[in-house]
Ligand SMILES: Nc1ncnc2c1ncn2[C@@H]1O[C@H](COP(=O)(O)OP(=O)(O)O)[C@@H](O)[C@H]1O
Ligand SMILES: [Mg+2]
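Here it is as structure tokens:
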């Protein structure tokens, strides 16, 4: 990654460190997945490699589904680094609580539509949270952080994807979570059609009922 | 003779959400005066809810008596009776609730319904002096990462299918290990894992801040059946994969919430390897790491008693007529007015 002259750390997350850098006169973000010392080296390498290879592929495929993602310029699998276009904007996370109800609803409907577009194209994001969505100054929503995503058209995967987003809303935007998710489903339904949306909603309900003592409960019944 | 001073108040707590029937007594200053249990150990397989409930009903009088004896108080000295109202197995919960209602009516004292998961967090905070932790609560029935925000414990991550303790237990049974008194199945796996060396490739499934363990369990069992790997190596690999997943989601939640403390609670908290992994991520984020002491890690009545004290202090009692059990009572549905926003 020698060509990036200056690197400024912009975010140290749990999984990766993000740097702002200059690459041939372009403002870029370098996402570096650092080794995790708590897990065995072999496992750590497998996971980091897989995600580093996987993320750019899914970002590219998302574009084809009509979902804006940063363009990837370089992938350094050995070092777990992805160099991508810098997206100027704000995380939806920072905007949602303070937005007016109408604006909030509009954003969520749009996000729902984008999730629907991904799903219709056989992609699941795997980490739908409002910090992984950036609203640019021009008003476009970009999705980032596809490392946990998957190519899957299965109802189960789609249900889990939306379930995770609902849970993320509940833990982070608890005052407005219900209205937001409602709007997300509206946008999702518009993108996917009523039948597909109803099937996923049914799946979400089923997923929510899972959890503690599944096997034992079956004996009770 | 009783040692009850005039203004000392006590709460008795009954825990019976799964395989343990336990009674604890706490005073209103957070002193645990009694904590005693009787465990149902199934002859074969996992918990049979009705059998467990039968065990609890039979064990209840002796366990209650033992708790009162430990605390050196009489039933009439109690200020309130708390019971685990959920989440848990229906027949087990109902047995505990019946005992609690009977006792409360007999001494004519109020009943407090306690959420089992909240209780695991509160006893952890009480025992470790953690103030505002990110908590990993991992047991046979639950695996979740929670932190307090605005009136409730919010769930940041959790299992999408089976619990961590359940994953280890079911694997242990499939490997032919037996549940012995004093050596739970999870501990048997831990001992074997410590002798393992070779990492068997197994699934690693993290989704957002959630995780899925059922695929890992199936793959580990299959790997063992095939006979290509030793039991020690499969135990080792199962633990490394499962604990790495749990640690990864905990670290994600830690980065997200920016809490300064990490608390490990629930039955799996006893595992040294899991403790070491969590200690590592806590250190990396400059957070203080604490583990609930062993006697309060597994399901116990003391945690119900102490959480009963907290709830009672805020007037959160339930009339007997409304004291029905809640099988799927999520932690993030419970108001915790006693927790102060830091
Ligand atoms: N290409 C980008 N341009 C601008 N900001 C970005 C870009 N990629 C990520 N970010 C910001 O950095 C944060 C962390 O990046 P992300 O890929 O989500 O990594 P992590 O796994 O740490 O969450 C995102 O929430 C987003 O705000
Ligand atoms: Mg992210």
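Residue numbers (the numbering used here), protein chains in the order written: chain L, 1 to 221; chain X, 222 to 563.
Ideal Cβ placement from N, Cα and C applies to all residues, glycine included.
Keep in mind it's a predicted model, so treat the numbers as computed, not measured.
Count the other CB atoms within 10 Å of the CB of residue i; is the residue buried (16 or more) or exposed (fewer)?
| i | result |
| --- | --- |
| residue 545/X | exposed |
| residue 363/X | buried |
| residue 24/L | exposed |
| residue 552/X | buried |
| residue 10/L | exposed |
| residue 302/X | buried |
| residue 265/X | exposed |
| residue 286/X | exposed |
| residue 6/L | exposed |
| residue 516/X | exposed |
| residue 213/L | Caution applies to residue 213/L, whose pLDDT of 48 falls short of 50 and renders its modelled position unreliable; the model cannot decide the point. |
| residue 563/X | exposed |
| residue 136/L | exposed |
| residue 535/X | exposed |
| residue 223/X | Residue placement at residue 223/X is poorly supported in this model, since its pLDDT is 47, which falls under 50; the coordinates still yield a value, given next. It is exposed - the Cβ of residue 223/X has fewer than 16 other Cβ atoms within 10 Å. |
| residue 66/L | exposed |
What is the residue span of the beta strand (DSSP E) that residue i lies within?
| i | result |
| --- | --- |
| residue 358/X | 355-359 |
| residue 120/L | Here residue 120/L belongs to no beta strand (DSSP E); instead the alpha helix (DSSP H) covers 101-120. |
| residue 383/X | Run containing residue 383/X: none; DSSP gives neither H nor E here. |
| residue 256/X | 253-260 |
| residue 27/L | 26-33 |
Examine ligand 2 and report whether any of its heavy atoms sits within less than 8 Å of the Cβ of residue i.
| i | result |
| --- | --- |
| residue 144/L | yes |
| residue 471/X | no |
| residue 131/L | yes |
| residue 266/X | no |
| residue 127/L | yes |
| residue 13/L | yes |
Please report how far the alpha carbon of residue i lies from the alpha carbon of residue j, in whole angstroms.
| i | j | result |
| --- | --- | --- |
| residue 426/X | residue 321/X | 41 Å |
| residue 556/X | residue 528/X | 12 Å |
| residue 309/X | residue 125/L | 32 Å |
| residue 348/X | residue 514/X | 7 Å |
| residue 391/X | residue 183/L | 41 Å |
| residue 338/X | residue 358/X | 8 Å |
| residue 522/X | residue 530/X | 12 Å |
| residue 547/X | residue 237/X | 13 Å |
| residue 489/X | residue 415/X | 16 Å |
| residue 204/L | residue 192/L | 16 Å |
| residue 445/X | residue 458/X | 11 Å |
| residue 230/X | residue 318/X | 22 Å |
| residue 408/X | residue 456/X | 11 Å |
| residue 130/L | residue 171/L | 11 Å |
| residue 341/X | residue 120/L | 42 Å |
| residue 288/X | residue 343/X | 20 Å |
| residue 242/X | residue 277/X | 5 Å |
Leaving out the 5 sequence neighbours to the left and right, which residues in its chain are closer than 7 Å to residue i when beta-carbon positions are compared?
| i | result |
| --- | --- |
| residue 454/X | 417, 418, 419 and 421 |
| residue 109/L | 183, 186 and 187 |
| residue 58/L | 123, 146 and 149 |
| residue 463/X | 385, 388, 434 and 437 |
| residue 440/X | 423 and 424 |
| residue 413/X | 452, 453 and 456 |
Is the beta carbon of residue i within less than 8 Å of some heavy atom of ligand 1?
| i | result |
| --- | --- |
| residue 29/L | yes |
| residue 343/X | no |
| residue 141/L | no |
| residue 362/X | no |
| residue 47/L | no |
| residue 524/X | no |
| residue 358/X | no |
| residue 88/L | yes |
| residue 85/L | yes |
| residue 10/L | yes |
| residue 282/X | no |
| residue 70/L | yes |
By Cβ distance below 6 Å, which residues in the same chain neighbour residue i in space, the five residues on each side in sequence not counted?
| i | result |
| --- | --- |
| residue 377/X | 366, 430 and 474 |
| residue 36/L | 44 |
| residue 105/L | 183 |
Mind checking which residues open and close the alpha helix (DSSP H) that includes residue i?
| i | result |
| --- | --- |
| residue 524/X | 522-534 |
| residue 556/X | Looking at the DSSP string, residue 556/X is not in any alpha helix (DSSP H), and its letter there is neither H nor E. |
| residue 162/L | 155-172 |
| residue 498/X | 493-505 |
| residue 290/X | 270-292 |
| residue 363/X | Premise fails: residue 363/X is in no alpha helix (DSSP H) and is neither H nor E. |
| residue 466/X | 452-478 |
| residue 195/L | 194-209 |
Excluding the 5 residues preceding and the 5 following residue i in the sequence, name in chain order all residues of the same chain whose CB lies nearer than 8 Å to its CB.
| i | result |
| --- | --- |
| residue 239/X | 268, 273, 309, 310, 313, 361, 362 and 520 |
| residue 327/X | 296 |
| residue 382/X | 433, 434 and 435 |
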